[in-house]
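Counting in my numbering, the final residue of the sequence shown is number 899, and the numbers go up one at a time with none missing.
Using N, Cα and C, we set each Cβ at its ideal position, and we do this for glycine too.
Quick caveat, the model's predicted, so the values are computed rather than measured.
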Amino acid sequence: LQKFVLYFYQSYLDKKYSENAFEYSDIAHFAIKILEENTDVVREYRTKYSEIMIDEYQDTSHVQEAMLRLLSKNGDGSDNLFMVGDIKQSIYGFRLADPSLFLKKYHAYAREDNPHQLIRLKENFRSRGEVLEFTNEVFRHLMNEEIGEMIYGKEEELIQGNLVDYPEKLEKNYYPELLLYEEDSTEDERDQISDGEIKIVAQQIKNLMASDAKLNYKDIALLVRSKSQNNKIEDILRDYDIPVVLDEGRVDFLKSLEVILILDVLRAVDNPLYDIPLVATLRSPMFNFTEDELTRISLNAGSDTRFWKKLQMSDGKMITPVLKEKITQFLNKFTSWRKLVNELPIHELLWKIYTETYYLDYVGALPNGEMRQANLQALSTRAELYEKSGYKGLFRFIKMIDKFMEQNNDLASVNIKLPQNAVRVMTFHKSKGLEFDVVFLMNLQTKFNQRDLKESVILTRENGLGMKYTADLKKEEAVETDFPYALVKMDTLPYLVNKELKRNATLSEEMRVLYVAFTRARKKLYMVGKIKEKELEKYADIHLENGILPDKYRRSATGYQHWLLALQTAHSLPMIIKINTSSDLQDTNKKFTVRPNFKKLAEDSKKFDRIMDTIDEVKQARAVMDYEYPKEAATQLSSIQTPSQVKKKSYEKQLELGNILPTSEYVRVKQLELLDLDQHKITAAEIGSATHSFMQRADFSRPNLFDFQQTLDQMELHDEVKNKIDLPKILTLFDTDFGKVLVDNVERTIKEAPFSMLKTDEVAQEQYIVRGICDGFIKFEDKIILFDYKTDYFRSNDQISEIKKNYEVQMELYADALRKAYGVNQVDKYLILLGGPRKVVVERI
55 LQKFVLYFYQ
65 SYLDKKYSEN
75 AFEYSDIAHF
85 AIKILEENTD
95 VVREYRTKYS
105 EIMIDEYQDT
115 SHVQEAMLRL
125 LSKNGDGSDN
135 LFMVGDIKQS
145 IYGFRLADPS
155 LFLKKYHAYA
165 REDNPHQLIR
175 LKENFRSRGE
185 VLEFTNEVFR
195 HLMNEEIGEM
205 IYGKEEELIQ
215 GNLVDYPEKL
225 EKNYYPELLL
235 YEEDSTEDER
245 DQISDGEIKI
255 VAQQIKNLMA
265 SDAKLNYKDI
275 ALLVRSKSQN
285 NKIEDILRDY
295 DIPVVLDEGR
305 VDFLKSLEVI
315 LILDVLRAVD
325 NPLYDIPLVA
335 TLRSPMFNFT
345 EDELTRISLN
355 AGSDTRFWKK
365 LQMSDGKMIT
375 PVLKEKITQF
385 LNKFTSWRKL
395 VNELPIHELL
405 WKIYTETYYL
415 DYVGALPNGE
425 MRQANLQALS
435 TRAELYEKSG
445 YKGLFRFIKM
455 IDKFMEQNND
465 LASVNIKLPQ
475 NAVRVMTFHK
485 SKGLEFDVVF
495 LMNLQTKFNQ
505 RDLKESVILT
515 RENGLGMKYT
525 ADLKKEEAVE
535 TDFPYALVKM
545 DTLPYLVNKE
555 LKRNATLSEE
565 MRVLYVAFTR
575 ARKKLYMVGK
585 IKEKELEKYA
595 DIHLENGILP
605 DKYRRSATGY
615 QHWLLALQTA
625 HSLPMIIKIN
635 TSSDLQDTNK
645 KFTVRPNFKK
655 LAEDSKKFDR
665 IMDTIDEVKQ
675 ARAVMDYEYP
685 KEAATQLSSI
695 QTPSQVKKKS
705 YEKQLELGNI
715 LPTSEYVRVK
725 QLELLDLDQH
735 KITAAEIGSA
745 THSFMQRADF
755 SRPNLFDFQQ
765 TLDQMELHDE
775 VKNKIDLPKI
785 LTLFDTDFGK
795 VLVDNVERTI
805 KEAPFSMLKT
815 DEVAQEQYIV
825 RGICDGFIKF
835 EDKIILFDYK
845 TDYFRSNDQI
855 SEIKKNYEVQ
865 MELYADALRK
875 AYGVNQVDKY
885 LILLGGPRKV
895 VVERI
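What follows is the structure in structure tokens.
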């Protein structure tokens with residue numbers, strides 16, 4: 055078999071050489087061969103590129119890895135490779151991406167004796183804390199090295215990095231929701247996604263749009279595992295007047311009403327003797343012939359006459375003057391189109407029809423008009439591509455379209471302008487790298503694709519071929535039969551081993567696909583599926599084993615919904631479960647209800663607030679925390695820190711010297727605090743944030759009360775907050791020497807300057823990134839004046855001194871970043887203290 059495969063490969067390659075036509079994989083292997091066999095070539099490229107930076111490294115294949123290794127400085131992949139990636143997002147196994155390449159380096163670079171460096175970027179700046187907590191909880195208990203190909207431990211957990219747009223305090227309303235549609239036993243189970251699931255989503259979208267004025271349709275995405283059910287999703291959402299865009303187009307693009315009609319027009323133009331296309335053209339909005347008018351035309355001539363001839367014989371008593379004029383206008387326009395068939399390309403003829411009949415404008419005024427217009431543009435694009443391929447003639451184009459339709463094929467997925475403000479429907483894979491405020495994961499009950507496990511031959515990188523054994527039982531005299539053969543296939547040991555490896559690899563990739571889908575949501579995640587009550591019996595009495603969902607539940611799962619419900623029973627995930635039936639959907643104003651027969655599942659979902667741990671659980675957690683891991687300092691080091699965090703660490707060291715424990719040394723059980731929507735309480739932090747925002751907006755070139763008040767009025771703040779900002783006091787800043795420097799150097803002043811730099815932790819001896827924003831600085835040729843606003847309360851000189859001391863580390867970080875960025879040595883540091891009683895105080899550090 056090996057000899058046959060090698061012979062076939064060489065023969066096939068020789069044929070491609072003779073035709074001078076190669077596949078992409080051939081070209082990649084040729085490149086590797088050139089680099090391996092030509093030292094001058096590889097030396098030239100190694101000299102040319104001082105650094106090789108690889109993004110999405112988790113999606114690297116072995117061919118790509120070999121090429122990168124050869125191009126690296128020493129030819130072994132060391133020294134000048136900079137790789138960025140997340141193994142949890144490796145979802146392109148079908149493109150031969152191998153996540154083990156990433157994982158090997160991840161573990162190797164983490165060792166102390168390894169000369170290479172591992173930088174962990176754990177902070178997530180996209181999503182709210184509720185989405186991140188849910189994601190961590192699911193994969194912490196779902197992944198291990200056998201199924202998942204990695205341990206989802208403390209270093210792999212997502213940490214909320216965006217504390218500007220999203221509050222650190224978790225809010226119940228933003229926790230992910232599992233929306234289950236309780237199937238009616240009479241519903242067609244063969245249909246992968248039910249109407250009920252889509253209607254639940256449609257109602258939820260309408261509720262979201264009604265309750266949040268800032269939310270747009272384009273902020274919402276529906277993610278599907280495959281696009282096979284997209285047409286149904288689009289149709290039902292349109293029934294709810296929800297604009298929607300299918301990222302990969304409709305599967306039945308040629309069956310859309312506006313395209314069907316224009317195809318009939320083309321058929322009539324090509325051959326007007328076909329009555330049905332011609333009458334369809336006359337009845338269309340382009341010409342608006344009524345049924346009465348068409349009847350008059352038909353009865354005016356003999357019954358055996360073609361309708362095209364009847365139009366040309368319209369002089370009888372059945373034809374009114376108004377109808378006569380209408381027929382004349384039609385014949386003039388239609389005849390002009392027929393004359394252009396051999397003069398214009400098909401796509402130009404289409405656009406002439408669109409413009410002369412205003413058909414494009416007409417469909418644009420219909421519901422989902424932008425999509426209808428896009429469909430007509432797509433038809434024109436396809437016609438242009440058809441003629442660019444060397445084919446000519448309207449007749450052949452129509453025949454090609456008819457053949458596509460007969461075979462249930464389609465012509466979707468062309469590059470056309472799509473509606474801008476619309477809900478997007480796309481596959482999980484297509485969504486990678488994107489983000490949306492609200493994400494719905496559709497059809498979670500869909501079964502995993504495990505067709506590869508049913509093949510007679512299973513190939514793995516670890517073991518090579520695993521084949522079933524085919525035996526002829528008649529030849530072995532095991533059976534008697536009149537047939538010439540009695541063949542039976544039996545599993546072999548290599549086949550079974552490969553099957554198990556393939557199953558684990560498939561399930562592991564499905565876990566990573568689910569991880570990608572979860573992390574597309576910025577604010578709210580919904581998961582949608584369907585279930586029958588009797589199916590819940592399989593989830594009874596499930597418990598975690600060593601913190602992981604038992605193998606039998608992970609391995610036997612046929613879809614994402616199985617994993618989620620099993621975890622919900624075993625651990626109670628931080629999510630809300632809502633269940634609806636078909637009867638619930640009849641009333642579009644009815645809120646989601648929990649069915650009595652799903653009461654147990656609903657009660658489990660209420661346990662999602664893990665913060666309310668029992669005393670015993672806290673003690674157990676404390677026992678684990680008391681273990682002194684030798685590298686504890688490194689595990690506590692965040693890969694990205696703000697100057698405030700660095701300042702806090704310095705402050706805590708001072709507290710420890712005085713035998714006072716910082717607050718982080720205590721274990722606290724925090725209650726979940728919900729928003730109080732009935733009243734707005736002004737906090738000092740809110741006033742401080744508003745004051746900072748005002749200082750960034752204020753025009754320092756003209757500091758006066760009138761202009762400052764106008765600036766404040768334009769800011770979107772509560773009136774109570776605006777009233778707390780003391781503008782006369784802020785104006786005292788410009789009476790100081792520093793304030794006068796600000797006024798004189800407005801052009802040199804840079805406000806809200808972001809920066810990032812690499813620092814080394816003194817305790818952990820690990821590097822981390824410091825990222826922050828300084829309030830502003832004035833840049834001169836030989837020096838920089840750095841300033842930062844502080845709203846800390848003070849009344850005495852001692853309190854001022856304490857404030858200066860607290861911010862020394864932070865200001866020095868800012869200064870260090872400016873020295874490195876601009877190559878200057880002198881950076882003067884000033885604190886602008888706004889928290890005093892009567893005037894602003896400026897202090898140099």
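- In this structure, the beta-carbon distance from residue 581 to residue 232 falls below 8 Å.
- Using a 10 angstroms sphere on the CB of residue 181, the tally of other CB atoms reaches 16 or more, which defines it as buried.
- Positions of the alpha helix (DSSP H) runs, each at least 4 residues long and wholly inside the stretch 222 to 289, are given as 249 to 265 in order along the chain.
- Annotated three-state conformation of residue 855 is helix, per DSSP.
- Around the beta carbon of residue 800, fewer than 16 other beta carbons lie within 10 angstroms, which makes this residue exposed.
- Distance check between residue 554 and each of 264, 508, 575 and 214 places 508 closest, using alpha-carbon atoms only.
- In the structure shown, the three-state DSSP call for residue 634 is strand.
- Minimum Cα-Cα distance from residue 430 among the listed residues 220, 744 and 416 corresponds to 416.
- Around residue 149, the same chain offers 113 and 115 as residues with beta carbons nearer than 8 Å, after the five sequence neighbours per side are excluded.
- Taking every protein chain shown into account, the CB of residue 894 has 16 or more other CB atoms within 10 angstroms, so this residue is buried.
- One Cα belongs to residue 752, the other to residue 109, and the distance between them is close to 40 Å.
- Closest option to residue 736, judged by alpha-carbon separation, among 757, 764, 758 and 776: 776.
- Put simply, of 300, 318, 563 and 286 the residue whose alpha carbon is nearest the alpha carbon of residue 424 is 300.
- In this structure, the beta-carbon distance from residue 455 to residue 308 falls below 8 Å.
- Straight-line measurement puts the Cα of residue 825 at about 18 Å from the Cα of residue 172.
- Scanning its chain for C-beta atoms nearer than 8 Å, with the 5 sequence neighbours on each side dropped, one finds around residue 844 the residues 857, 861, 885, 886, 887, 888 and 889, in chain order.
- By the 16-neighbour rule on beta-carbons within 10 angstroms, residue 539 is exposed.
- Shortest Cα-Cα distance from residue 789 to any of 756, 760, 774 and 278 involves 756.
- Beta-bridge pairing by DSSP links residue 808 to 827.
- Contact between residue 834 and residue 875 fails: their C-beta atoms lie close to 15 Å from each other, not under 8 Å.
- DSSP lists 234 as the bridge partner or partners of residue 583.
- Checking the DSSP bridge columns, you'll see residue 478 partnered with 275 and 299.
- Judged by pairs of C-beta atoms under 8 Å, the stretch 392 to 403 does not touch the stretch 374 to 384, as fewer than three such pairs exist.
- Runs of the alpha helix (DSSP H) lying entirely within the stretch 127 to 174, each at least 4 residues long, are 153 to 164 in chain order.
- Counting every other CB atom within 10 Å of its CB across the protein chains shown gives residue 215 a total of 16 or more, marking it as buried.
- Nearest to residue 130 by alpha-carbon distance, out of 405, 96, 772 and 111, is 96.
- Remark: C-beta atoms of residue 497 and residue 283 approach each other more closely than 8 Å.
- A direct Cα-Cα distance of roughly 11 Å separates residue 123 from residue 100.
- A Cβ-Cβ contact shorter than 8 Å links residue 840 with residue 872.
- In terms of CA proximity to residue 325, 449 leads the group 274, 441 and 449.
- Just measuring C-alpha positions, the residue of 374, 140, 518 and 828 sitting nearest residue 56 is 518.
- Contact annotation: residue 202 and residue 565 have beta-carbon atoms nearer than 8 Å.
- The alpha carbon of residue 421 has as its nearest neighbour, out of 248, 298, 827 and 759, the alpha carbon of 298.
- DSSP places residue 544 inside the beta strand (DSSP E), whose first and last residues are 541 to 544.
- Fully enclosed alpha helix (DSSP H) runs of no fewer than 4 residues are not present anywhere in the stretch 500 to 556.
- Secondary structure at residue 570: helix, using DSSP grouped into helix, strand and coil.
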